[in-house]
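Working notes, structure below.
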Amino acid sequence: VRFEMKQSDKQETEKGAGTDKIAKYCTSHSSIFPPLLLALMATAAFLPPAPVLRPRIPTARYRASPICAAASDAPPPDADTDEGEAPRGGRKDRRRVVRIAWEKLVRWSRSWRSRNRSDVLETTRKVVVLGGGSFGTAMAAQVAAKKPDLEVAMLLRDDLVCRSINDRHVNSKYLSEYSLPENIVATTSASEALAGADFCFHAVPVQFSSSFLGSISSYVDPKLPFISLSKGLELNTLRTMSQIIPLALGNPRQPFIVLSGPSFAVELMEKLPTAMVVASKDKKLASAVQQLLASSNLRISTSSDVTGVEIAGALKNVLAIAAGIVEGMHLGNNCMAALVAQGCSEIRWLATKMGAKPTTLSGLSGSGDIMLTCFVNLSRNRNVGLRLGSGEKLGEILDSMNQVAEGVSTAGAVIALAQKYNVKLPVLTAVARIIDNELTPKRAVMELMNLPQVEEV
Numbered sequence: 001v002r003f004e005m006k007q008s009d010k011q012e013t014e015k016g017a018g019t020d021k022i023a024k025y026c027t028s029h030s031s032i033f034p035p036l037l038l039a040l041m042a043t044a045a046f047l048p049p050a051p052v053l054r055p056r057i058p059t060a061r062y063r064a065s066p067i068c069a070a071a072s073d074a075p076p077p078d079a080d081t082d083e084g085e086a087p088r089g090g091r092k093d094r095r096r097v098v099r100i101a102w103e104k105l106v107r108w109s110r111s112w113r114s115r116n117r118s119d120v121l122e123t124t125r126k127v128v129v130l131g132g133g134s135f136g137t138a139m140a141a142q143v144a145a146k147k148p149d150l151e152v153a154m155l156l157r158d159d160l161v162c163r164s165i166n167d168r169h170v171n172s173k174y175l176s177e178y179s180l181p182e183n184i185v186a187t188t189s190a191s192e193a194l195a196g197a198d199f200c201f202h203a204v205p206v207q208f209s210s211s212f213l214g215s216i217s218s219y220v221d222p223k224l225p226f227i228s229l230s231k232g233l234e235l236n237t238l239r240t241m242s243q244i245i246p247l248a249l250g251n252p253r254q255p256f257i258v259l260s261g262p263s264f265a266v267e268l269m270e271k272l273p274t275a276m277v278v279a280s281k282d283k284k285l286a287s288a289v290q291q292l293l294a295s296s297n298l299r300i301s302t303s304s305d306v307t308g309v310e311i312a313g314a315l316k317n318v319l320a321i322a323a324g325i326v327e328g329m330h331l332g333n334n335c336m337a338a339l340v341a342q343g344c345s346e347i348r349w350l351a352t353k354m355g356a357k358p359t360t361l362s363g364l365s366g367s368g369d370i371m372l373t374c375f376v377n378l379s380r381n382r383n384v385g386l387r388l389g390s391g392e393k394l395g396e397i398l399d400s401m402n403q404v405a406e407g408v409s410t411a412g413a414v415i416a417l418a419q420k421y422n423v424k425l426p427v428l429t430a431v432a433r434i435i436d437n438e439l440t441p442k443r444a445v446m447e448l449m450n451l452p453q454v455e456e457v
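Residue numbers (full-length UniProt numbering): 1 to 457.
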């Protein structure tokens, strides 16, 4: 039966008015209702009155995260949602927001790549790597794999390693389990290696760099960009590689770039995802090196903060020795976390005094490299600390190693820098005293724990 009611009566009925209004309405319109329906409606008059619905006050049982709410601009969930249960349709909405955000990121990435295509790799004919250690070998392999006809020359001192690379495409001394690209050639001749090079990777340990560079300076083109892979400070002069290279080559305008970040050579050889940063005062040069190195397994960011990248890379090696000592003494995770946090603060204090940007210290070359070096057993500096904490003597440790742990020689230079800039570095100073055999690891821990309780800065 269809009938029309006046709008006012309809609203009152929807608000829960008593059944007497319904009965009166039906009686006044009896001509349109069959007798049976009238009887049913009349009976309704004797039933208990319908309860009046009271407006329900919504309770915020389920509250969306402010981040999600801001991202999706979705309306608040229904009030009757059970606690801990996602609102109906909320999961679909969030999935849609995430999908849209990801699609935007992918579109931006493609657009950026199309706008910033570079011909650096196409125009590069030759790259030279100075030094044949594990990281120099890994970077040579990384660059050589990007372009089969690119000549990558490695300047080495060992004839046997040279023959191994040229004949069997294997560095017999470092990373010998990995095959190298066939376009890598090794030589002991500086003139042969440097002739016609477009880029030069410097992978010689810091303490030997000045004398080595001085011996080959006559073969170096004044415009050849030097990409430093070495991390540390020169012990006697407190210089960084950005100062050592121009002075040793006798060219204050030698183009310079520093490459740093959380990276182990073995993982680069495995082509595992890695992210690093290149820093140079010349933004165009930094961008060129970025394009030269970047690949599907290696992300390269750029920076203009050369000081921040170099100081963070040098000081983290000293902190890694401290982390190894804590591990070797079995002092626990609480102690490890406290030590690394304090060490990060000390690196920040000194680096910012020297002109570094705080954002650099929280990035790849700062926090990223510190985490990798302090917590992973592949770190040479951490292993030195581990063995010191276990009771071994420093001389025995160094004699048993076939690679240089830069933190050992850098520790003394760091303390000299701290005195120069009037900065107190308790943890890094303790490491230097342990290395100088003036303090035992156990005594150093006691002294650090007994320092005054001060406000955190």
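Where is the CB? At the ideal position from N, CA and C, for every residue including glycine.
{"Item": "Work out the CA separation of Leu-417 and Glu-310 for me, nearest whole Å.", "Value": "14 Å"}
{"Item": "Measuring CA to CA, which of Arg-110, Ala-279, Lys-92, Gly-196 is closest to Pro-255?", "Value": "Ala-279"}
{"Item": "With DSSP collapsed to three states, give me the class of Thr-440.", "Value": "coil"}
{"Item": "Measuring only the C-alpha atoms, how far is residue 458 from Glu-456?", "Value": "Since the first and last residues shown for the chain are 1 and 457, residue 458 lies out of range."}
{"Item": "So is His-330 buried or exposed if we call it buried at 16+ other beta carbons inside 10 Å?", "Value": "exposed"}
{"Item": "Have a look at Lys-353 and Gly-407 and give me their C-alpha separation to the nearest angstrom.", "Value": "21 Å"}
{"Item": "Using 7 Å as the cut-off, classify the Cβ of Asp-399 as near or not near the heavy atoms of the ligand GTP, replying yes or no.", "Value": "This structure lacks the ligand GTP; in fact it carries no ligand of any kind."}
{"Item": "Excluding the five sequence neighbours on either side, which residues of its own chain have a C-beta within less than 7 Å of the C-beta of Ile-435, listed in chain order?", "Value": "Leu-394, Val-408, Ala-411"}
{"Item": "Thinking just about the alpha-carbon of each residue, which of Thr-188, Ile-245, Ala-140 is nearest to the one in Ser-209?", "Value": "Ile-245"}
{"Item": "Taking only the alpha-carbon atoms, compute the straight-line gap between Leu-428 and Glu-346 and give it to the nearest angstrom.", "Value": "8 Å"}
{"Item": "Would you report the Cα separation of Lys-126 and Leu-105, rounded to the nearest angstrom?", "Value": "35 Å"}
{"Item": "One question on the structure: do Arg-382 and Ala-444 come within less than 8 Å of each other, judged by their Cβ atoms?", "Value": "no"}
{"Item": "Quick one: what's Ile-184 bridged to in DSSP?", "Value": "Val-152"}
{"Item": "Would you kindly check if the distance between the Cβ of Met-154 and the Cβ of Ile-184 is under 8 Å?", "Value": "yes"}
{"Item": "Hey, Val-340 and Leu-364: beta-carbon distance below 8 Å or not?", "Value": "no"}
{"Item": "How would you call Val-454, buried or exposed, if buried means at least 16 neighbouring beta carbons within 10 angstroms?", "Value": "exposed"}
{"Item": "Taking just the CA atoms, how far does Leu-293 sit from Ala-144?", "Value": "10 Å"}
{"Item": "Helix, strand or coil for Lys-353, going by three-state DSSP, please let me know.", "Value": "helix"}
{"Item": "Could you pull out every unbroken alpha helix (DSSP H) segment of at least 4 residues lying fully inside the segment 346-390, listed in chain order?", "Value": "358-361, 369-375, 380-389"}
{"Item": "Under 8 Å, with one C-beta from each stretch per pair, do the segment 170-190 and the segment 198-208 reach the 3-pair mark?", "Value": "no"}
{"Item": "Using the rule of at least 16 other Cβ atoms within 10 Å of the residue's Cβ for burial, across every protein chain shown, is Ala-195 buried or exposed?", "Value": "exposed"}
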